[in-house]
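Undergrad: Sharing a structure here in structure tokens format.
There are 2 protein chains.
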Amino acid sequence: MVDDSPQVGYLLKHAQSLLHARMEEALKPLQLTVSHYSCLYRLRVEPGISASALARRTFVTRQSMNAMLQQLIDRDLVARPARADSGRALPTVLTPAGMRALDAAQVLVEGVEHRMLSGLTIAETAGLARGLVACVSALDE
Amino acid sequence: MVDDSPQVGYLLKHAQSLLHARMEEALKPLQLTVSHYSCLYRLRVEPGISASALARRTFVTRQSMNAMLQQLIDRDLVARPARADSGRALPTVLTPAGMRALDAAQVLVEGVEHRMLSGLTIAETAGLARGLVACVSALDE
DNA sequence: TCTCCAATGTCAGTTTCCTTACAAGCATCC
DNA sequence: GGATGCTTGTAAGGAAACTGACATTGGAGA
Chain A
1 MVDDSPQVGY
11 LLKHAQSLLH
21 ARMEEALKPL
31 QLTVSHYSCL
41 YRLRVEPGIS
51 ASALARRTFV
61 TRQSMNAMLQ
71 QLIDRDLVAR
81 PARADSGRAL
91 PTVLTPAGMR
101 ALDAAQVLVE
111 GVEHRMLSGL
121 TIAETAGLAR
131 GLVACVSALD
141 E
Chain B
142 MVDDSPQVGY
152 LLKHAQSLLH
162 ARMEEALKPL
172 QLTVSHYSCL
182 YRLRVEPGIS
192 ASALARRTFV
202 TRQSMNAMLQ
212 QLIDRDLVAR
222 PARADSGRAL
232 PTVLTPAGMR
242 ALDAAQVLVE
252 GVEHRMLSGL
262 TIAETAGLAR
272 GLVACVSALD
282 E
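Chains as they are written, first to last, in my numbering: chain A, 1 to 141; chain B, 142 to 282.
Right under this line is the structure:
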């Protein structure tokens, strides 16, 4: 009774690995990595978020996120005040150039996602999403 | 119409990230990483496989795989001949100690997978697997 | 009020993985 | 037979991530 469910974990890894690779290829013309895109995307959903919170949403450490933010700041895609008005968190936001870059990136990424889901019906896609949510909830403790 | 399907990619990443973290925690007592486990697991499925092929199955480069194999060889969990009988590929196999370590690891990993799928019915789990297979096929070009 | 605690930003060091590159072996095609 | 191409193994260098540690800041509780 060794081979039971371990396939789902492997499938998860396989799908995620391929998705990441395809996104990386798609974003290459924009000089953006998948991590960069995730960062920009999240900054539009939650403008003014702290780097630490942004790191949690993107599944990296705050150290890695700060290094990545520094790159994006150098490229004028993201802005962050030098000092906080209150507390220690520095609210981070997209610059106009960052919004434009994100818009361009989003088109490419949605193309990849659409391709990934092209073999599934609307109902099956919804079922896949629900299944993944259930996995996340169960593992999130 | 910006927010459409990008959630599935994010969910995929979220689930995979949590699964990886939980597996890492579970395997820590055995002094094994998830990469180590994937390697051992695959070696039991395909004994005598080459390091390059093993790398492809595990979604890393062959350089990374060779580095990891060296660790496992040093710990006597894996064995590989110094020279190939034919061709250049060196057939890699599990040692008895490697099989025992894999057996112990498998119990822990299956516990994590079971937990991940605990909120889903048998039918829903099968549907999730089918959905992931469709994603892999569509992205595999 | 004072103390403790959690969260944030940051620095330093290490690990892991990838990219680039090259040599070796086998198969295929001319 | 000889050239070409594909796969494999290996080495060197760099990029990106993590872990551990510390100071700062605001809030919670005694």
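Yeah, the Cβ is synthetic: ideal placement off N, Cα and C, and Gly gets one too.
For residue 50 of chain A, count neighbouring C-beta atoms within 10 Å of its own C-beta (all shown protein chains included) and say buried if the count is 16 or more, exposed if not.
TA: Answer is buried; the Cβ neighbour count reaches 16.
Undergrad: Output needed in chain order: residues of the segment 106-129 of chain A with a Cβ under 9 Å from some Cβ in chain B.
TA: Of all residues in the segment 106-129 of chain A, 106, 109, 110, 112, 113, 114, 115, 116, 117, 118, 119, 120, 124, 125, 127, 128 and 129 have a Cβ within less than 9 Å of some Cβ in chain B.
Undergrad: From this set, A:35, A:82 and A:129, which residue's C-alpha is nearest residue 23 of chain A's C-alpha?
TA: The candidate whose alpha carbon is nearest that of residue 23 of chain A is A:35.
Undergrad: Applying a beta-carbon distance threshold of less than 7 Å, which residues of chain B neighbour residue 13 of chain A?
TA: Simply 157 and 200.
Undergrad: Assess, as a yes-or-no matter, whether the segment 271-278 of chain B is touched by the segment 9-26 of chain A under the definition of 3 or more beta carbon pairs within less than 8 Å.
TA: They touch, by the three-pair rule.
Undergrad: Please tell me whether residue 78 of chain A has its Cβ less than 7 Å away from any Cβ of chain B.
TA: No, no contact with chain B.
Undergrad: Can you give the Cα-Cα distance for residue 156 of chain B and residue 257 of chain B, rounded to whole angstroms?
TA: Roughly 9 Å separates the two Cα atoms.
Undergrad: Thinking C-beta only, is residue 184 of chain B closer than 7 Å to residue 235 of chain B?
TA: It is a contact, given that the beta carbons lie within the stated cut-off.
Undergrad: Could you pull out every residue in the same chain whose Cβ sits closer than 8 Å to the Cβ of residue 58 of chain A, ignoring the five residues on either side in sequence?
TA: Once the five neighbours on either side are set aside, the close Cβ partners of residue 58 of chain A are 35, 38, 39, 42 and 65.
Undergrad: Going residue by residue through the segment 78-131 of chain A, where are the continuous alpha helix (DSSP H) segments of at least 4 residues, counting only ones entirely within it?
TA: List check, alpha helix (DSSP H) in window: 96-116.
Undergrad: Within 7 Å of any Cβ in chain A, is that where the Cβ of residue 242 of chain B sits?
TA: Cβ-Cβ to chain A under 7 Å: no for residue 242 of chain B.
Undergrad: Can you list, in chain order, the residues of its chain with a C-beta nearer than 8 Å to that of residue 217 of chain B? Leave out the 5 residues immediately preceding and following it.
TA: Only 236, 238 and 239 meet the Cβ criterion.
Undergrad: Chain B beta carbons: is any one of them nearer than 7 Å to that of residue 135 of chain A?
TA: Yes, residue 135 of chain A counts as interfacial toward chain B.
Undergrad: Give every residue of the same chain whose Cβ lies closer than 6 Å to the Cβ of residue 125 of chain A, excluding the five residues on either side of it in the sequence, and list them in chain order.
TA: Cβ neighbours of residue 125 of chain A beyond the five flanking positions: 117.
Undergrad: Check whether the Cβ atoms of residue 150 of chain B and residue 113 of chain A sit closer than 7 Å, and answer yes or no.
TA: Yes, the pair counts as a contact, with Cβ atoms nearer than the cut-off.
Undergrad: Out of curiosity, what's the CA-to-CA distance linking residue 102 of chain A and residue 72 of chain A?
TA: Taking the straight line joining both Cα atoms gives about 12 Å.
Undergrad: Taking all protein chains shown into account, do 16 or more other C-beta atoms lie within 10 angstroms of the C-beta of residue 144 of chain A, making it buried, or fewer, making it exposed?
TA: Residue 144 of chain A falls outside the range modelled here, since chain A spans only 1 to 141, and no answer is possible.
Undergrad: What residue does the alpha helix (DSSP H) around residue 190 of chain B start on, and which one ends it?
TA: Here residue 190 of chain B belongs to no alpha helix (DSSP H), and DSSP marks it neither H nor E.
Undergrad: What residues in the segment 31-65 of chain A bring their beta carbon closer than 7 Å to a beta carbon of chain B?
TA: Cβ contacts with chain B come from 59.
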